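Participant: Quick one: this structure, given as C-alpha cells, is what I'll be asking you about.
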Amino acid sequence: MEVEIDPLAYILKGYSFHAAMQYGSFRSSAGIFAISQPAFVVNNDAFSVYSSGFDVKTDFLFGTSKAWHTGLQVSYAKEQITLRENSNEQNVWGFNLGVRGGYRFLFGKAEKQYKGLYINPWLAILYAPSAKSINISQQTYKQSTIFPFPAVHVGWRF
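So, in C-alpha cells, the structure goes:
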C-alpha cells in the first residue's frame, strides 16, 4: 500500500491525494486532484481555469519496485472556466485518456521492501475527446485536445 501527494497542486491552490497498490510488475492507483492552472498554460489571458477531478492509473514497472514505469491513465475532471473581468464562469466536465511514464526513487531499504519515503516524477500525455470552445461575454476559451501533464509525487510506502 502506498499513499502520495503532488506538492505542486498545493502550491497552485489545489490539492492531491492518491492511494496505490503494487501487484507483481504492475501498480495501480486512484486519486483526487485540483489545481488553479498557471497563466502560461491557459490559452486566453482573459480567463482563469480551476481544474478538479479524480483519476485511475495503471503502470508496468520495468524492474521490481524501484524502476522506470509506463502506463495508462483515465481522468474525469471539471474545469471551472472564469472570465477575469466580470467573474462569469462556466463548468465543463469531461474524460481525459493518456499514456504516462516516469521513475520511482524509493529511499527505503530493499530488505524491507522499500518501505518509507519515495519520489515519483512522471509525465503524461493526455487526450480530451470532448474538448470544447467556451464563450463567455464575447470571449472564447478553447480547451486543449492533447496536452502534457507533468507531476512529481511524494509518497510513503507501507
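Its first residue numbered 1, the sequence shown is counted upward by one per residue in full-length UniProt numbering. Note that CB positions come from ideal geometry on N, CA and C, so glycine has one too. The structure displayed is predicted, hence computed values, not measured ones.
Buried or exposed: Q73, going by 16 or more other Cβ atoms within 10 Å of its Cβ?
Facilitator: buried
Participant: Give the secondary structure of L61 by DSSP, where H, G and I count as helix, E and B as strand, and everything else as coil.
Facilitator: The answer is strand: DSSP assigns L61 an E or B state.
Participant: Which residues bound the alpha helix (DSSP H) around P7?
Facilitator: Taken as a continuous stretch (DSSP letters only), the alpha helix (DSSP H) holding P7 covers 7-11.
Participant: What did DSSP end up calling E111 once you bin it into helix, strand or coil?
Facilitator: helix
Participant: Who are the Cβ neighbours of Y118 in its own chain at under 7 Å, not counting the five residues just before and after it?
Facilitator: R104, F105, L106, F107, G155, R157
Participant: Considering Cα atoms alone, identify which of Y114, Q143, F149, S16 is closest to Q22.
Facilitator: Y114
Participant: May I have the straight-line CA-CA distance separating D6 from S137, to the nearest angstrom?
Facilitator: 34 Å
Participant: Determine the extent of the beta strand (DSSP E) in which M21 is found, giving its start and end residues.
Facilitator: 15-23
Participant: Is A128 helix, strand or coil by DSSP?
Facilitator: coil
Participant: Would you call E4 buried or exposed, if buried means 16 or more other Cβ atoms sit within 10 Å of its Cβ?
Facilitator: buried
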